[in-house]
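Number of protein chains: 2
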Amino acid sequence: MCQLLGMNCNTPTDICFSFEGFAARGGKTDDHRDGWGIAFFEEKGCQLFIDAKPSIASPIADLVRRYPIHSTHVIAHIRKATQGKIALENCHPFVRELWERYWVFAHNGNLLDFHPEGGEFYRSVGQTDSERAFCVILEVLRQNFPESKPPLDKLYSVLKDVTQSLADKGIFNYLLSDGEHFFTHCSTQLSYIVRQAPFAAAHLIDEDVSVDFQELTRKSDRVAVIATTPLTDNEIWTPIQPGELLVFQDGLPLKFA
Amino acid sequence: MCQLLGMNCNTPTDICFSFEGFAARGGKTDDHRDGWGIAFFEEKGCQLFIDAKPSIASPIADLVRRYPIHSTHVIAHIRKATQGKIALENCHPFVRELWERYWVFAHNGNLLDFHPEGGEFYRSVGQTDSERAFCVILEVLRQNFPESKPPLDKLYSVLKDVTQSLADKGIFNYLLSDGEHFFTHCSTQLSYIVRQAPFAAAHLIDEDVSVDFQELTRKSDRVAVIATTPLTDNEIWTPIQPGELLVFQDGLPLKFA
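And the structure:
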């Protein structure tokens, strides 16, 4: 299987600290060696880096670790292949256009015997269950709302239903965003933390690296970090409950019935 | 306007040498400072780097200059904005899925008063005439061949017609590829060179850099490089004729009636 890392903030923030610990799991502190990827939204634009190399051996991952790209919506993934060969076309995140926005998706899990028919609008390029599930999600959203993005409550309701039907087929933890909203679904394992004033220091689990966020932030900043398992050992992460679909905006989970 | 660089080869090849000269035009030897991008196919997968910074000041462009990514189909672009603000969403190349493959497109030119209706399948995220033209091309291809990629002669004929109708609206030099075929359309300015045995040394126009391809190649290698204007000063580049739509495969232009 794989691991997920996401970030949603109320002000553009770099993910260098979290990515440092996360990327170590791609062959150093864990064995997710079969490729990796990360997507950064800059307003409606989307910067995507993917590589079929392990994240600890990838010059592109090295750039992402060192070069602070500021973004409000980030989705990252390290891969341990279950379905689909080790190849660039099977690296997450996947990107498609819907309602004149880019949508980005990464999945941790495994959907068994999952071979849906090709949609009218969205089809897979690679061979993963993950990309097929992403195409099903977008297809259902577009068939329900052909013209434009609906209000969030309507979108959430349809997304919740299609997510549940997909989660019935196996393990289906995912991150999904269009640069405006940030959806996280927990099927078995996903946690988050919200950092806001008063900021403190944090220490990575996977590398002996600390950062004092108080020195780097303004009082109004708020940052949610979402990950398969916690990235720091001196902060309290909140587990998302199995079956829960959370929507983050401006660094906070929104409340939905 | 902008500049284009493309490469099509019969064996995966890095583009470091050509990109070195090309990237210099993004603020050093020329004034295409409003962003840049490059896409590399690895089989069906597509590696895309884009940045709204000038290519001479971009850490991502620096990585591409130094890190040899081997590919058979490469499309690069440096931007001088005519339509659409300087932003990531307006950086070329643009990518969409069609027939279970990624399609990549970059444009040099300017289409005047060009505001087509949103297609059934493809819509723009950014504000450029270029992305709108790409969406029109894919829409027409998909409407003509809804299920799968047709034989090349049928595809070429439909692409030629839609290209001509778009070129009637202004300047429309472009590069387009799905990782299998490589299409180049010249409206005003586009040249190419085919490098094959016996290989020789080449010297850049924009930087004082030479490379001896004989030391780096095998006898069977063949590489076509396509650019808005020639990149080297000691080789003979072939201008593509205005109105000509060429298809490259395995480093050679194919002949079409």
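So the protein lines, in turn, are chains A and B. Just so we're aligned: the first sequence equals residues 9 to 265 in our numbering. Just so we're aligned: the second sequence equals residues 9 to 265 in our numbering. Glycine included, C-beta positions come from ideal geometry on N, C-alpha and C. What you are looking at is a predicted structure, and each value in this text was computed from that prediction instead of being measured.
Residue i vs residue j beta-carbon contact at 9 Å
i	j	result
A/F49	A/Y110	yes
A/F30	A/L160	no
B/V148	B/V170	yes
B/C10	B/G117	yes
A/L260	A/V202	yes
B/H115	B/H85	yes
B/D220	B/T19	no
B/I83	B/A32	no
A/S66	A/I23	no
A/E28	A/E243	no
B/F180	B/S165	no
A/Y182	A/L12	yes
A/D241	A/L212	yes
A/L167	A/L253	yes
B/L174	B/L119	yes
Helix, strand or coil at residue i according to DSSP, with G and I counted as helix
i	result
B/R203	strand
B/E50	strand
B/I68	helix
A/L120	coil
B/R109	strand
A/S218	strand
A/R73	helix
A/T79	It should be pointed out that residue 79 of chain A corresponds to Ser in this sequence rather than to Thr. Strand at A/S79.
Continuous alpha helix (DSSP H) stretch holding residue i: start and end
i	result
A/S173	L160 to A175
B/C24	C24 to A32
B/I145	D137 to N152
Beta carbon proximity, residue i to chain B, threshold 9 Å
i	result
A/W107	yes
A/A84	no
A/L163	no
A/R41	no
A/F57	yes
A/R87	no
A/F129	yes
A/R104	yes
A/L149	no
Cβ neighbours of residue i in the same chain (closer than 6 Å, five flanking residues each side left out)
i	result
B/T225	F207
B/Q55	F48
B/A232	N16, Y200, V202, F256 and G259
A/D186	R109 and W111
Proximity test, Cβ basis, 9 Å: residue i and chain A
i	result
B/V133	yes
B/I68	yes
B/E188	no
B/G34	no
B/N152	no
Residues of its chain near residue i, where Cβ-Cβ distance is below 8 Å and the 5 sequence neighbours each way are ignored
i	result
B/E105	W111
B/D59	G43, W44, G45, S66, I68, A69, L96 and C99
Extent of the continuous beta strand (DSSP E) to which residue i belongs
i	result
B/N98	Segment: none, B/N98 is in no beta strand (DSSP E) and carries neither H nor E.
B/S185	G178 to S185
A/G231	First, the residue type needs correcting, since residue 231 of chain A is Val and not Gly in the sequence shown. Counting along the chain, the beta strand (DSSP E) containing A/V231 begins and ends at R230 to A235.
Contact set for residue i: own chain, Cβ-Cβ below 7 Å, skip 5 residues either direction
i	result
A/R140	F122, P124 and S132
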